[in-house]
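Undergrad:
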Amino acid sequence: MPKYLLPLLLSLMIHPAFGAELTVGVLANWGYQAAQERWQPLARYLEAHLPGTEFSIYPGTFEQLNQALEEGKIQFIVTNPGQYLYLSNQYPLSWLATMRSRQHQGTTYAIGSAILVRADSPYRTLYDLKNRTVAASGPHALGGYQATVGLMRKLGMQPDSYFQQVNFLGFPLDPLVYQVRDRQVDAAITPFCTLEEMVKRGLVNPEDFRVLNPSHPPGYDCEVSTALYPNWSFAASETVDTRTTKVITQALLDIPPDHPAAIAGQFWGWTSPISQLKVIQLFSELQGKPERVTYWQHFQNWLKENRHWGLLALVIFLAATFYHFWLEYKFRQKSDTLVKTERALKQKALQMERLQSAAIIGEIGAGLAHEVNQPIAAITNYSEGGMIRLRSQTQPDTELLALLDKIHQQSSRAGAIVHRIRGLLKRREAVFGKTNLLTLVDESLALLRPESERHHIALRSRVTGEPYVVEADAVGMQQVMVNLLKNSLDALKAHPPQADPMVWITLHFEPDQVTLTVTDNGPGLSLPVEQLMATFTTTKPDGLGLGLAICADIATAHEGTFQIDNGPQGGCQATLTLPHQRR
């Protein structure tokens, strides 16, 4: 065998066939063009170690790289360990090497999150960002989101509900910083050294920003908010033969820091795959506390998948709701009618009971009036006879004569009241005539003054307007006045006020009517007006409940009005209005 055939066979065993094309997928965190410029020198470097092989760069996002690997468009992938672990659970991958950062003295731990806010913002800790709006590169970004989620879980926060809103902006990373600068978001979760890289390129001013939960590990050039995780990995799919992966792995391990590919790729070199335990633990924590899906979210998902059934259910629900409210409306109508009917029946029964009571009282009152009328008539006759005998004397006793005259007046008044009661019981009309209301007021006050003085209650009268004589039933009017004054005296005796007890009776004359008002400074009404005006309703232990009903009946007979209410300054106020002339 010629000597030149042995090297040729070894070359064919080690290297793939001439003209092979291999594609390396890379994470385009700074954009597609920047990714091409960064990784093309490495492709040329690998081509030099694999003669006859052409390497191309396929930049993409997390989702695009996943899709490309599934479709077989890429044979190698350079990405963070988070995506590598995700893909290794889906597809058979060979982990070839771990990148050493060109910064931080060539460390292999260079992935983490820096949470940025504006330097003039009020946010000092991660706790200040509750219910705030933040931006991140993506939910699958290890340094751009997941590292911060792990930190929040360790601090006892619930990342799924802690922020008001999380805006995932994707790649490139520049908009994350710009949105914080322009106050479009309150904070941004950026990969480790993103801010320093943009400052180095002259894109932002470092004085405009501040890092929350800052940490500056020894030997590192940037501030970080979270723990640091292993750097990017270089992995190969199962479609690449073993000989090729060995050559590429050795080439990666041999690349010097000053090589143009290392300088352009921003790495110090590559080393053997390091432990991914920290990333595995982080993912375990993230998966150990899955986001709790609420019943409302389940319903929303179902509604998206079954929109037509959802619309039908909504129509049925609205129809059923309308029908329910219609039935309820009809039911309430019937219920209200039944309640009104029941109340009317109870009112009729109460009225019947009151009519029966009135009939009984009428019979008793008629007999009582008949019996009382005779003694009153005797008192009247005796007083009148005594007055005649005294006047026949040459020197009559004037004091005795005045006393007999008062007895005669009161007995005559009592007789008139008895006759009126008999008239009311027998449904007889009142006797109307020219009546001086001022005289009736004076007589009523004189009648009740001994009782008021005995209880130290002042009685006051007042007249406004030009007095005139009205056509009225004198006995009925005096009965109203005495009844109202007596009610005020009873109230003041039962509940003495803090101030001096007092009762006012006022006559206000107007051209077309006269108003009689009785006011006191007592406790006021203890029951509703409608209930007090009803027959047989009383607040007195020994009352009959007829006084106010009789007053209202007398006012109606005079074509006037009668009402009671609480006074404007406390106490009770009764008002009787009479027309100047009856129709």
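Following my numbering, the numbering of the sequence shown begins with 134 at its first residue and continues without gaps.
Note that beta-carbon positions come from the ideal geometry of N, C-alpha and C, so glycine has one too.
Buried or exposed: which applies to residue 408, given that a residue is buried once 16 or more other Cβ atoms fall within 10 Å of its Cβ?
TA: The residue in question, residue 408, is exposed, as its Cβ has fewer than 16 Cβ neighbours within 10 Å.
Undergrad: Confirm, please, whether the CB-CB distance from residue 295 to residue 346 is below 9 Å.
TA: No; because the gap between Cβ atoms is not below 9 Å, this pair is not in contact.
Undergrad: Which first and last residues belong to the alpha helix (DSSP H) in which residue 169 is found?
TA: Segment 165–182, the alpha helix (DSSP H) holding residue 169.
Undergrad: Go ahead and pull the three-state DSSP assignment for residue 290.
TA: Coil.
Undergrad: Taking C-beta to C-beta, are residue 569 and residue 602 nearer than 9 Å?
TA: Yes; because the gap between Cβ atoms is below 9 Å, this pair is in contact.
Undergrad: Report buried or exposed for residue 707, applying the criterion of at least 16 other Cβ atoms within 10 angstroms of its Cβ.
TA: Classification for residue 707: buried.
Undergrad: Quick test of the definition: if touching needs 3 or more C-beta pairs under 8 Å, does the segment 321–333 touch the segment 297–307?
TA: Contact between the segment 321–333 and the segment 297–307 is present, because at least three Cβ pairs lie under 8 Å.
Undergrad: How many angstroms separate the CA atom of residue 224 from the CA atom of residue 160?
TA: Distance between the alpha carbons of residue 224 and residue 160: 18 Å.
Undergrad: Leaving out five residues before and five after residue 645 in sequence, what residues of the same chain have Cβ atoms less than 6 Å from its Cβ?
TA: Closer than 6 Å at the Cβ level, and outside the excluded window around residue 645, lie 713.
Undergrad: Output the residue ranges of the beta strand (DSSP E) runs that lie fully inside the segment 310–352 and measure 3 residues or longer, sorted by chain position.
TA: Entirely contained in the segment 310–352, the beta strand (DSSP E) runs reaching 3 residues are, in chain order, 320–324 and 342–345.
Undergrad: Provide the residue span of the beta strand (DSSP E) that contains residue 653, from first to last.
TA: 646–653 is the span of the beta strand (DSSP E), which, as asked, contains residue 653.
Undergrad: Just checking my contact of residue 381 with residue 403 at CB under 8 Å: how many whole Å lie between their CB atoms?
TA: About 10 Å; that fails the 8 Å criterion.
Undergrad: Mark residue 600 as exposed unless 16 or more other C-beta atoms lie within 10 angstroms of its C-beta, in which case mark it buried.
TA: Residue 600 comes out exposed.
Undergrad: Output the boundary residues of the beta strand (DSSP E) element that contains residue 227.
TA: Its beta strand (DSSP E) spans residues 226–234.
Undergrad: Note down, in chain order, each residue of its chain lying with its Cβ closer than 7 Å to the Cβ of residue 227, except the 5 sequence neighbours on either side.
TA: Excluding residues within five positions, the ones whose Cβ falls inside 7 Å are 368, 369 and 378.
Undergrad: Relative to the C-alpha of residue 199, which residue among 564, 235, 186 and 217 is closest?
TA: That would be 217, whose Cα lies nearest to the Cα of residue 199.
Undergrad: In or out: residue 612 buried (at least 16 other Cβ within 10 Å) or exposed?
TA: Per the 10 Å Cβ criterion, buried.
Undergrad: Would you identify the three-state DSSP class for residue 281, choosing helix, strand or coil?
TA: Correct three-state label for residue 281: helix.
Undergrad: Output needed for residue 456: all residues of its chain with C-beta closer than 6 Å, excluding positions within five of it in sequence on either side, in chain order.
TA: Counting only Cβ-Cβ distances below 6 Å, and skipping sequence neighbours, we find nothing.
Undergrad: Would you list the residues sitting across from residue 518 in a DSSP beta bridge?
TA: Paired residues: none, contrary to the question.
Undergrad: For residue 695, which option in 651, 702, 659 and 660 has the closest C-alpha, if you only look at C-alpha atoms?
TA: Among 651, 702, 659 and 660, the Cα nearest to that of residue 695 belongs to 651.
Undergrad: Quick one: give me the first and last residue of the beta strand (DSSP E) that residue 679 is part of.
TA: From DSSP, residue 679 is part of no beta strand (DSSP E); its letter is neither H nor E.
Undergrad: My output table needs one value for residue 263: the three-state DSSP class, helix, strand or coil.
TA: Correct three-state label for residue 263: coil.
Undergrad: If we count the other Cβ atoms within 10 Å of its Cβ and call it buried at 16 or more, is residue 327 buried or exposed?
TA: The residue in question, residue 327, is buried, as its Cβ has 16 or more Cβ neighbours within 10 Å.
Undergrad: Residue 628: buried (16+ other C-beta within 10 angstroms of its C-beta) or exposed?
TA: With fewer than 16 Cβ atoms within 10 Å of its Cβ, residue 628 is classed as exposed.
Undergrad: For residue 705, which three-state DSSP category applies?
TA: Strand at residue 705.
Undergrad: If you draw a straight line from the alpha carbon of residue 665 to that of residue 683, how long is it in whole angstroms?
TA: Using only the alpha carbons, I get a separation of about 12 Å.
Undergrad: Tell whether a beta-carbon distance below 9 Å holds between residue 618 and residue 578.
TA: Yes, they are a contact pair.
Undergrad: Does the pairing of the segment 266–278 with the segment 337–355 give three or more beta-carbon distances under 8 Å?
TA: As far as the Cβ criterion goes, the segment 266–278 does not touch the segment 337–355, which means the pair count is below three.
Undergrad: Closer than 8 Å by C-beta to residue 242: which residues in its own chain qualify, once you throw out the five before and the five after it? Chain order, please.
TA: Contacts found: 361, 362, 363 and 364.
Undergrad: How far does the beta strand (DSSP E) with residue 615 in it extend, from its first residue to its last?
TA: Element bounds for residue 615: not the beta strand (DSSP E) but the alpha helix (DSSP H), 607–627.
Undergrad: Cβ of residue 155 within 9 Å of Cβ of residue 187?
TA: Closer than 9 Å, so yes.
Undergrad: May I ask you to list the residues that DSSP assigns as paired with residue 566?
TA: Answer is 605, bridged to residue 566.
Undergrad: Could you check where the beta strand (DSSP E) with residue 199 kicks off and where it finishes?
TA: First-last for residue 199: 195–204, but that is the alpha helix (DSSP H), not the beta strand (DSSP E).
Undergrad: Decide if residue 462 is buried, meaning its Cβ has at least 16 other Cβ atoms within 10 Å, or exposed.
TA: By the neighbour-count rule (16 or more Cβ atoms within 10 Å), residue 462 is not buried but exposed.
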